[in-house]
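Peer 1:
In the UniProt record's numbering, the protein residues as written are 1 to 826.
1. Decide if the segment 738 to 751 is in contact with the segment 777 to 790; the criterion is three or more beta carbon pairs, one per stretch, under 8 Å apart.
2. For residue 568, which of helix, strand or coil comes out of DSSP?
3. Measure the alpha-carbon distance for residue 764 versus residue 587 and round it to whole angstroms.
4. Please report the residue range of the alpha helix (DSSP H) in which residue 380 lies.
5. How would you call residue 566, buried or exposed, if buried means at least 16 neighbouring beta carbons within 10 angstroms?
6. Taking a contact to mean a Cβ-Cβ separation below 7 Å, would you say residue 624 touches residue 638 in this structure?
7. Terminal residues of the continuous beta strand (DSSP E) containing residue 830?
8. Give me the Cα-Cα distance between residue 128 and residue 212, rounded to the nearest whole angstrom.
9. Does the Cβ of residue 206 have 16 or more other Cβ atoms within 10 Å, making it buried, or fewer, making it exposed?
10. What's the call for residue 709, buried or exposed, on a 16-neighbour Cβ count within 10 Å?
11. Could you tell me which of 60, 411, 384 and 216 sits nearest to residue 452, measuring between CA atoms?
12. Distance check for residue 808 and residue 824, CA to CA, integer angstroms please.
13. Short check: CB of residue 801 to CB of residue 716, under 7 Å?
14. Answer yes if the segment 558 to 576 comes into contact with the segment 667 to 684, meaning at least three C-beta pairs across the two stretches below 8 Å, and no otherwise.
15. Determine the burial state of residue 35: buried for a count of at least 16 other Cβ atoms within 10 Å of its Cβ, exposed for fewer.
16. Any idea if residue 747 is buried or exposed, counting beta-carbon neighbours within 10 angstroms, 16 or more meaning buried?
17. Report the partner residues of residue 283 according to the DSSP bridge assignment.
18. Is the separation between the beta-carbon of residue 476 and that of residue 515 shorter than 7 Å?
19. Quick one: is residue 695 buried, meaning 16 or more other Cβ sit within 10 Å of its Cβ, or exposed?
20. Note down the Cα distance separating residue 353 from residue 44, rounded to an integer number of angstroms.
21. Any chance the segment 155 to 164 sits against the segment 51 to 70, with 3 or more Cβ pairs inside 8 Å?
22. Taking DSSP's pairing of strands, which residues face residue 665 in a bridge?
23. Would you kindly report the start and end of the unbroken beta strand (DSSP E) that includes residue 539?
24. Can you give me the Cβ contacts of residue 113 inside the same chain, cut-off strictly under 8 Å, excluding the 5 residues immediately before and after it?
25. Smallest Cα separation from residue 150: which of 392, 654 and 233?
26. Judging by CA-CA distance, which residue of 771, 252, 551 and 640 is the nearest neighbour of residue 758?
27. Pair every Cβ in the segment 375 to 384 with every Cβ in the segment 265 to 278, then say whether three or more of these pairs are closer than 8 Å.
28. Taking the continuous alpha helix (DSSP H) assigned at residue 745, which residues delimit it?
29. By DSSP, does residue 526 sit in helix, in strand, or in coil?
30. What does DSSP give as the partner residue(s) for residue 590 in the beta ladder?
31. Who are the near neighbours of residue 7 in its chain, counting only those whose CB is closer than 7 Å to its CB and skipping five residues on each side?
32. What residues are listed by DSSP as bridge partners for residue 59?
33. Using the Cα positions of residue 674 and residue 261, report the straight-line distance between them to the nearest angstrom.
34. In chain order, what residues of the same chain lie with their CB nearer than 7 Å to the CB of residue 492, ignoring the 5 residues before and after it?
35. What's the gap between the Cα of residue 178 and the Cα of residue 167?
36. Relative to the alpha-carbon of residue 311, which residue among 683, 661 and 165 has its alpha-carbon at the smallest distance?
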């Protein structure tokens with residue numbers, strides 16, 4: 001049965017279960033059908049038809065989910081079936097099928113071999129070029145890095161990557177790239193590349209693009225007549241969608257990008273890392289300028305190209321100099337077709353800050369300090385064999401929100417680490433030093449355990465540039481509910497790169513030898529079913545990492561959509577407006593009965609709170625002991641769980657909560673951060689969650705501003721002049737509910753205030769009928785709780801505890817009837 005027929009059968013079975021009121025099976029099969037229809041739409045001729053079928057299946061599943069009480073189901077994301085499913089769905093890249101390297105190659109093809117797919121697009125670089133099979137080429141001597149010549153194709157990163165691989169092969173006999181390219185006599189070539197989570201085969205024929213003068217448009221090697229760099233370039237450009245693509249990762253090593261312009265860039269530590277790794281053959285590097293570097297940019301007659309990559313072919317340090325050898329493949333050498341005459345259109349005048357331009361071949365030396373001051377970034381590739389232990393996970397981000405809500409998704413993983421030989425913490429017992437890290441003396445640091453976590457977003461269409469990823473790493477999320485614990489929290493910024501590397505040191509952990517990390521892989525974009533891969537590496541060899549592969553218990557889930565507006569975005573708890581943030585009453589039921597909240601604190605259950613918004617809003621989620629009331633001031637002793645430091649685009653906390661009532665507060669870091677959000681609650685135990693109305697919601701509101709001046713700043717009753725405080729006459733026309741809040745207009749630490757209500761018949765304000773309670777310096781101010789009040793006139797008195805405090809304030813008066821008047825009594 002074909003994939004299409006199987007998927008149609010899934011949909012039919014789902015509809016049958018729905019008619020039989022078997023909601024659980026109907027929901028499951030509708031989702032499977034939608035997933036399969038989407039996969040088919042990526043390769044089918046009538047892709048729109050199958051996308052519409054997927055949308056229809058999702059619509060049916062969503063309606064069942066909204067109106068029926070579904071039994072929660074657990075999913076084993078680590079199952080071999082799910083892992084292979086992600087990899088197979090990521091096999092279509094730029095409309096080309098890129099099979100896994102382990103798949104069986106097809107033997108049916110013409111001879112000489114002709115790629116059944118279209119040749120890679122040349123874009124605008126050379127529209128008049130033709131594709132030909134090279135002939136009469138006799139390779140001469142082995143290649144040097146300087147033999148790689150970049151012509152009119154703007155693929156400097158590919159040229160630089162090939163050049164550094166050639167240099168590595170010469171120094172360490174590594175055979176990089178060459179070992180990944182297999183060729184046959186009939187013109188069929190395959191390049192094995194690590195892409196979309198696994199090694200895959202990019203299949204090409206031997207036709208290459210030539211211009212009208214019969215010169216190669218892409219990479220060439222001059223008189224060396226070596227074709228394999230051109231074939232590697234063609235295979236990579238087929239993968240990336242054409243010859244006008246920028247950027248490359250060819251070796252399958254671990255990519256690391258270091259921003260030389262970042263405030264966190266460490267010049268000395270970075271130098272020690274790269275010179276140690278380079279000397280051992282464990283790292284290769286290119287270096288790039290940014291897009292603002294102009295051709296006319298001059299320093300001592302030095303010109304730099306914008307957005308250009310240079311190969312690093314050597315790194316040296318002497319007593320008085322740190323020097324990096326750079327190669328620019330766009331500078332033609334003596335063996336170029338133009339014979340080094342300077343007439344080659346690809347030749348640029350490219351000299352560097354001092355040190356040495358060797359011979360016109362594009363090989364140049366440059367001081368490390370000048371590189372740090374001039375360039376934008378280092379692009380390093382680390383040898384994976386450095387790490388004694390590694391694990392890999394393939395997953396898929398699924399957008400759960402509708403089109404008008406934040407298009408974001410997260411996936412949570414737990415990574416365990418265990419040191420089998422704690423003696424490696426002792427420097428004297430360590431057999432090797434860590435070439436990826438240094439101590440204060442610039443030498444390898446054997447006392448440090450490192451865990452590297454690489455997040456890779458799968459590619460489907462390289463024209464999609466509005467997809468962003470981030471990685472949040474926290475230590476052991478099972479104890480994140482402790483607000484006083486200073487734990488590791490590594491949050492990366494969102495990037496539209498396909499790779500994101502986090503380097504974690506165990507010295508940051510409470511337990512250096514064993515424990516768990518909570519990983520949150522985040523996606524922000526407009527596309528659904530986006531695959532990703534997380535790879536974790538551990539150093540040294542006696543440190544073992546493993547995924548927590550326990551299938552999570554089936555969970556009940558509820559999602560709430562909301563908006564942070566100018567009226568509901570209160571910022572973090574250091575702002576007086578924190579109280580206006582969205583708050584929710586969470587009731588956790590007893591797991592044994594699941595019918596009502598219980599006071600049995602021994603029967604705790606896991607509750608997971610996940611908030612998502614756009615990547616420019618930093619979020620936090622906090623759960624507080626309460627009776628489900630709105631919280632005006634955050635007390636640390638009442639906090640039972642929180643998501644840690646504010647993180648852009650998402651916040652997550654997993655905690656074990658006893659049955660009972662809680663208040664969940666969602667906040668952005670600053671009050672002016674506004675936008676839509678979603679809050680998702682998950683638990684294996686039934687729960688209820690609903691929004692808590694804002695203070696004074698549904699009531700008439702009147703705001704009055706005033707101040708304590710020289711004559712009215714008389715303090716509290718203990719000062720014996722309390723009646724000289726500002727007194728406001730409040731007129732209540734009929735029976736009403738009444739409440740009021742007093743706030744300082746300017747933050748004044750240590751100033752305690754009170755707000756009290758007196759009947760107008762009270763002599764010298766001696767008979768208080770409502771009060772905000774003891775004097776308090778709460779940031780949110782003090783309030784008279786809502787209460788019933790009879791019609792009549794009353795006196796509302798704001799005061800400070802100490803006399804002589806001159807400050808401006810505002811009073812917010814709430815009532816359930818209109819016509820309430822608040823006037824300052826003269």
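Just so you know, even glycine gets a beta-carbon here, dropped at the ideal spot from N, CA and C.
Peer 2: Let me lay it out:
1. In short, these stretches touch, since the Cβ pair count reaches three.
2. Taking the first residue of the chain shown as 1, we reach residue 568 at position 568. Note: residue 568 maps to coil in three-state DSSP.
3. Here residue 764 corresponds to residue number 764 of the chain shown, with the count starting at 1. Here residue 587 corresponds to residue number 587 of the chain shown, with the count starting at 1. Put simply, the backbone Cα of residue 764 is about 46 Å away from that of residue 587.
4. Here residue 380 refers to the residue found at position 380 of the chain shown. For residue 380, no alpha helix (DSSP H) run applies; the uninterrupted beta strand (DSSP E) run containing it begins and ends at 377 to 382, by DSSP.
5. Counting from 1 along the chain shown, the entry for residue 566 is found at position 566. Exposure of residue 566 is indicated by the presence of fewer than 16 other C-beta atoms within 10 angstroms of its C-beta.
6. Start at 1 with the first residue of the chain shown, and residue 624 comes out as number 624. Start at 1 with the first residue of the chain shown, and residue 638 comes out as number 638. Yes, Cβ-Cβ distance for residue 624 and residue 638 is below 7 Å.
7. In this structure the chain extends from 1 to 826, so residue 830 is not present and cannot be described.
8. Counted from its first residue, the chain shown places residue 128 at position 128. Counted from its first residue, the chain shown places residue 212 at position 212. Taking the CA atoms as reference points, residue 128 sits about 7 Å from residue 212.
9. Taking the first residue of the chain shown as 1, we reach residue 206 at position 206. It is buried - the Cβ of residue 206 has at least 16 other Cβ atoms within 10 Å.
10. Mapped onto the chain shown, residue 709 falls at position 709. Under this definition residue 709 is an exposed residue.
11. Position 452 of the chain shown holds residue 452. Residue 452 has its Cα closest to that of 384, out of 60, 411, 384 and 216.
12. Residue mapping note: residue 824 aligns to position 824 of the chain shown, counting from 1. Residue mapping note: residue 808 aligns to position 808 of the chain shown, counting from 1. In a straight line, the C-alpha of residue 824 is about 14 Å away from that of residue 808.
13. For the purposes of this step, residue 801 is identified with residue 801 of the chain shown, where counting begins at 1. For the purposes of this step, residue 716 is identified with residue 716 of the chain shown, where counting begins at 1. A Cβ-Cβ contact shorter than 7 Å links residue 801 with residue 716.
14. Counting C-beta pairs closer than 8 Å gives three or more between the segment 667 to 684 and the segment 558 to 576, which meets the contact rule.
15. Counting from 1 along the chain shown, the entry for residue 35 is found at position 35. Buried: at least 16 other Cβ atoms inside 10 Å.
16. Indexing the chain shown from 1 puts residue 747 at position 747. Classification for residue 747: exposed.
17. As a position in the chain shown, residue 283 is number 283, starting the count at 1. For residue 283, which the question treats as bridged, DSSP gives the partners 382.
18. The count along the chain shown starts at 1 and reaches residue 476 at position 476. The count along the chain shown starts at 1 and reaches residue 515 at position 515. With respect to the 7 Å criterion, residue 476 and residue 515 are classified as neighbours on the basis of their beta carbons.
19. Stepping through the chain shown from its first residue, residue 695 is reached at position 695. By the neighbour-count definition (other C-beta atoms within 10 Å, threshold 16), residue 695 is a buried residue.
20. For the purposes of this step, residue 353 is taken as residue 353 along the chain shown, with counting starting at 1. For the purposes of this step, residue 44 is taken as residue 44 along the chain shown, with counting starting at 1. With a pLDDT of only 37 at residue 353, under the threshold of 50, the placement of this residue in the model should not be trusted, and no figure is reported.
21. At 8 Å Cβ cutoff, the stretches do not touch.
22. Within the chain shown, the letter at position 665 stands for residue 665. Answer by DSSP bridge pairing, in chain order: 583 and 622.
23. Start at 1 with the first residue of the chain shown, and residue 539 comes out as number 539. Counted as a single uninterrupted DSSP element, the beta strand (DSSP E) harbouring residue 539 occupies residues 530 to 539.
24. The residue given as residue 113 occupies position 113 in the chain shown. Excluding residues within five positions, the ones whose Cβ falls inside 8 Å are 184, 186, 187, 188, 205 and 206.
25. Here residue 150 corresponds to residue number 150 of the chain shown, with the count starting at 1. Nearest option by C-alpha distance: 233.
26. The residue you call residue 758 lines up with position 758 of the chain shown. Checked all of 771, 252, 551 and 640; the closest Cα to residue 758 is 771.
27. The answer is yes - the segment 265 to 278 touches the segment 375 to 384, with three or more Cβ pairs under 8 Å.
28. Counting from 1 along the chain shown, the entry for residue 745 is found at position 745. Counting along the chain, residue 745 falls outside any alpha helix (DSSP H), and DSSP gives it neither H nor E.
29. To locate residue 526, count along the chain shown from 1; it is residue 526. Of the three classes helix, strand and coil, the one that applies to residue 526 here is coil, per DSSP.
30. As a first step, residue 590 is located in the chain shown; it is residue number 590 there, counting from the start. When DSSP reads this structure, residue 590 sits in no beta bridge, so it has no partner.
31. By 1-based counting over the chain shown, the position of residue 7 is 7. Scanning its chain for C-beta atoms nearer than 7 Å, with the 5 sequence neighbours on each side dropped, one finds around residue 7 the residues 33, 36, 37 and 40, in chain order.
32. Sequence index remark: in the chain shown, residue 59 carries index 59 (1-based). In DSSP, residue 59 forms no bridge with anything.
33. Taking the first residue of the chain shown as 1, we reach residue 674 at position 674. Taking the first residue of the chain shown as 1, we reach residue 261 at position 261. Rounded to the nearest angstrom, the gap between the Cα atoms of residue 674 and residue 261 is 29 Å.
34. As a position in the chain shown, residue 492 is number 492, starting the count at 1. Cβ within range, chain order: 470, 471, 500 and 502.
35. Mapped onto the chain shown, residue 178 falls at position 178. Mapped onto the chain shown, residue 167 falls at position 167. Approximately 13 Å, taken between the alpha carbons.
36. Taking the chain shown and counting its residues from 1, the one referred to as residue 311 is at position 311. Measuring C-alpha to C-alpha distances from residue 311 to each of 683, 661 and 165 identifies 165 as the nearest.
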